[in-house]
Amino acid sequence: MKWIKSQWTKKIGPPVFSLLLTMIYDFFKQNPFLSTIIEIVKWVGNTIIFILNYEIKVWWILCVIIAIVIVIIFINLRKWEIFKPDFCNYKKDRFKDWKWRWDWKYYSNSRKWDIISLIAYCPKCDTQLIDHSNVYEQEYRCPRCKYNARSVNCEDPIDVKAIIFDNIEKKKYNK
Ligand SMILES: [Zn+2]
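Residue numbers in the sequence shown follow numbering that gives the first Met the number 0, run continuously in steps of one, and reach 174 at the last position.
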């Protein structure tokens with residue numbers, strides 16, 4: 000680093016340096032956009048320092064924690080099924096000839112209640128019917144009295160679900 004110590008650098012260096020500073024200053028002066036950015040950066044820095052130096056009371060932190068806990072509880076109330084809507088007690092009905100039973104489940108992703116475990120009962124002996132349906136044909140059989148229903152004689156679970164929802168909408172149901 001001989002050039003730093005040389006006489007030539009000592010003479011030329013300071014004027015060149017001050018010229019550079021003046022050029023940079025002028026450049027920023029002519030560019031209000033850049034000087035605005037510098038002002039913003041300064042403001043952000045000062046704000047961060049102000050926040051970090053701020054005196055915080057313990058009860059403020061406690062209030063924030065309590066507020067967060069309340070929000071979490073409120074969001075999860077429906078998932079925990081504490082506040083079940085009225086129709087959740089509507090779990091059985093007869094639509095054509097068959098009696099059906101089902102349960103309700105809340106899906107937090109879709110934020111909707113849906114019917115689960117929809118089961119048909121034998122119209123003759125009230126035993127759970129076994130679904131033997133396949134892609135070609137619908138078929139239900141009673142394991143007790145051997146009651147058997149095929150295709151058009153079967154009640155379709157999709158139709159049953161639709162009727163249940165329609166009954167809820169029209170408030171036409173008994174709990
Ligand atoms: Zn039966």
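Note that the Cβ used here is the ideal one computed from N, Cα and C, for glycine as well. Owing to the predicted nature of the structure, the values given are computational and were not obtained by experimental measurement.
Selection Ala119, Ser150, Cys144, Trp101 evaluated against Val134 yields Ser150 as nearest (Cα-Cα). Note that the C-beta distance between Asp113 and Lys104 is below 7 Å. Contact annotation: Leu117 and Trp97 have beta-carbon atoms that are not nearer than 7 Å. Judged by DSSP secondary structure, Leu117 falls within the beta strand (DSSP E) whose first and last residues are 111-120. Close CB contacts of Asp130 within its chain, under the 7 Å cut and outside five residues either way in sequence, are with Tyr139 (chain order). By the criterion of a C-beta distance shorter than 8 Å, Glu136 is surrounded in its chain by Arg149, Ser150, once the five residues flanking it on both sides are discounted. Taken atom to atom, the span from the alpha-carbon of Val68 to that of Ser34 is near 44 Å. The straight-line gap separating the alpha-carbon atoms of Lys95 and Asn75 is approximately 38 Å.
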